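Heads up: the sequence shown is residues 508 to 915, going by my numbering. Each residue gets a CB set at the ideal place from its N, CA and C atoms; glycine is no exception. Model, not experiment: these values are computed from the prediction. Reviewing the structure listed below.
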Amino acid sequence: MAEASLPLCCLPMKEDRMLPDFFQFHSPTKVIYAPGIAMDFAHELKSLGCEKYFVVSDGIISGLGLVQNIVDGLTAEGITITGEFLEVGQDAELQNVNAIAAQAKASGAGGLIAIGGGSVIDATKAANIIFSMGGDLVEDFSGAHLLTEPINPFVAIPTTAGTGSEVTFVSMIYDSENKTKMAFADKFSLPDLAVLDPELTVSMPPGLTASTGMDALTHAIEAYVGIDWSPISNAFAVAAIELIFKYLPMAVENGEDVEPRGGMLTAANLAGTAFSHSMVGVVHGMAHATGGLYRVPHGVANGILLAHGMEYNFEEIKEQLARLAPHMGENVNGLSQDEAAGKSIEAVRKLTGKLNALKALPLKLSEVGVPKDGLSKIAAATLEDGTCVYNPREVEEEEVLKHLENAF
């Protein structure tokens, strides 16, 4: 029987995809999930050996009353909240990190609680390093895995379903002076506890729901095709992809429905676990550069660039893409590997097209304030991004520029 007529599950796998020579898995964060659980988890904090916490969030989440509701639930159970920082912006900025650490220390807190999206969690994650260890974040902790011991207790309560930051050891911090995003990575910065409450996400507007969902999908796909893949990270990535294709349009169309909200919150968590172990690639490299230079929200940039990044890597990842297509709802029976792989890119484009039709996601860089003459700057900055080290194909400026032009 010819290979093209075999069911996809029977296609021979490339020899180098049977098993990697080495992989590891480390996921110490305890995850708890239930609608309404954010109002009743104080017993979990006591088990961390700390009962005094400093809370970090942003003005929008605070304005919705979510922070106060959570704080009230904690204080009713004997947890002391020593203070609050509610000024994290669209990006986790270095000045936010320094302010959080200083104020938490002055308040007498023993641990930190982040309530918000990826920027809030990333800012708190980075702040916990200098809150616990002292010193200067950039001068003393730039790089990866520089900590030698556990730091203060840290609890993450996501209010968006995208970054998966509640289970990752990386925090992306924006340097406004140099217009770049810096990555700080350390296994000891992982949250001790992640509280997944889908009721906290029902207030997300359609646009934010769509962009954060595409961020999660990008995490999952890049984790699956990345050079540091493992059977474990692949399992998490595939589970996330299936949930996203099922639930993201539903969550955008009816944000009050808790089931798709829970599905997306779970998917983001799974995708975060996946990419925390196998990392991401050129899509994130382009998105970080686009966000750093032109302040395009990270999920929006990923949503625009994901299919283009898959095309950039096509020849190196087509076997993996072919295997992903059925998990995206595509029928690949009787198709060649190239055709099946193309179906996965088509599926991503159908999803983003559906989100665009719902007026929830732009499809072009030209629609989000990126100038045509800025594409070359983005291409150059992409090569400086650390994610490109993990990309399946060598990242070349001229080739990146071609795909950015296609996305314009």
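Supposed contact pair residue j and residue i - C-beta distance, whole angstroms, cut 8 Å
i	j	result
SER718	VAL807	5 Å
GLY733	VAL787	7 Å
GLY618	LEU697	No, GLY618 and LEU697 are not in contact; Cβ-Cβ is about 14 Å, not under 8 Å.
ASP704	ALA541	7 Å
ALA545	ILE664	6 Å
ALA549	GLU584	3 Å
Span separating the alpha-carbon of residue i from that of residue j
i	j	result
GLU853	PHE821	13 Å
THR797	ASP629	19 Å
LEU870	LEU813	10 Å
ALA599	THR687	12 Å
CYS895	GLU591	37 Å
GLU673	ALA621	9 Å
THR667	ASP880	33 Å
LYS850	LEU911	21 Å
ALA914	LEU890	18 Å
LEU653	PHE661	18 Å
TYR754	ASP647	42 Å
PHE532	MET757	32 Å
GLY792	LYS612	34 Å
PHE782	ALA606	29 Å
Helix, strand or coil at residue i [DSSP, three-state]
i	result
GLY556	coil
CYS516	Low confidence applies here, because CYS516 scores a pLDDT of 37, under 50, leaving its location unreliable; read the following figure in that light. Correct three-state label for CYS516: helix.
ASP682	strand
THR536	coil
ILE588	strand
VAL907	helix
LYS850	helix
LEU593	coil
ALA541	coil
LEU700	strand
Sequence-distant residues of the same chain with beta carbon closer than 7 Å to residue i, five excluded per side
i	result
ALA887	GLU904
MET525	none
VAL578	VAL562 and ILE588
GLU706	PRO542, GLY543 and VAL765
VAL794	Inspection of the sequence shows that residue 794 is occupied by Ala rather than by Val. Contacts found: HIS805, ALA808, ASN809 and LEU812.
Other residues of its chain near residue i: CB distance less than 8 Å, five sequence neighbours each side excluded
i	result
LYS537	GLU551, ASP699, LEU700 and ALA701
PRO657	PHE695
Nonlocal neighbours in the same chain, by C-beta distance under 6 Å from residue i, ignoring five residues either side
i	result
VAL677	ALA690 and ALA692
* Which whole runs of the beta strand (DSSP E) in the region 600–668 are 3 residues long or more, in chain order? -> 618–623 and 661–665
* Asked: Can you list, in chain order, the stretches of the alpha helix (DSSP H) that have 4 or more residues and sit fully within the region 752–787?
  -> 765–785
* What are the complete alpha helix (DSSP H) segments, minimum 4 residues, inside the region 784–850? -> 789–801, 805–819 and 821–831
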